[in-house]
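Engineer: Questions regarding the structure given below will be posed in turn.
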Amino acid sequence: YNLSLTYQKPIAYITTGQNVPGDIEFADIDRLTDLILKKERYE
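Per the numbering used here, residue 827 is the first one in the sequence shown, and the count goes up by one each step.
Take a look at the structure:
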């Protein structure tokens, strides 16, 4: 998120784990908000 602000570039994809390609997702404002606010826990 900080790099996106610094370089004024949008976020296209996010990762939510170490399993590639299974943990790669399209960036979505609602999903990013949930992750930043830690509304979901990942094991």
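We put the CB at the ideal spot given by N, CA and C, even for glycine.
Does the Cβ-Cβ distance between Ile850 and Thr841 come in under 8 angstroms?
Structural biologist: Closer than 8 angstroms, so yes.
Engineer: Could you give the first and the last residue of the continuous alpha helix (DSSP H) run that contains Ile850?
Structural biologist: Run containing Ile850: none in the alpha helix (DSSP H); it sits in the beta strand (DSSP E), Ile850 to Phe852.
Engineer: Looking at the secondary structure, which residues open and close the alpha helix (DSSP H) in which Thr832 lies?
Structural biologist: From DSSP, the alpha helix (DSSP H) with Thr832 extends over Asn828 to Tyr833.
Engineer: On the DSSP letters alone, give me the boundaries of the beta strand (DSSP E) that Ile840 sits inside.
Structural biologist: That run of the beta strand (DSSP E) goes Tyr839 to Thr841.
Engineer: Is there a C-beta anywhere in chain D that falls below 8 angstroms from the one on Val846?
Structural biologist: No chain D is part of this structure, which consists of one protein chain only.
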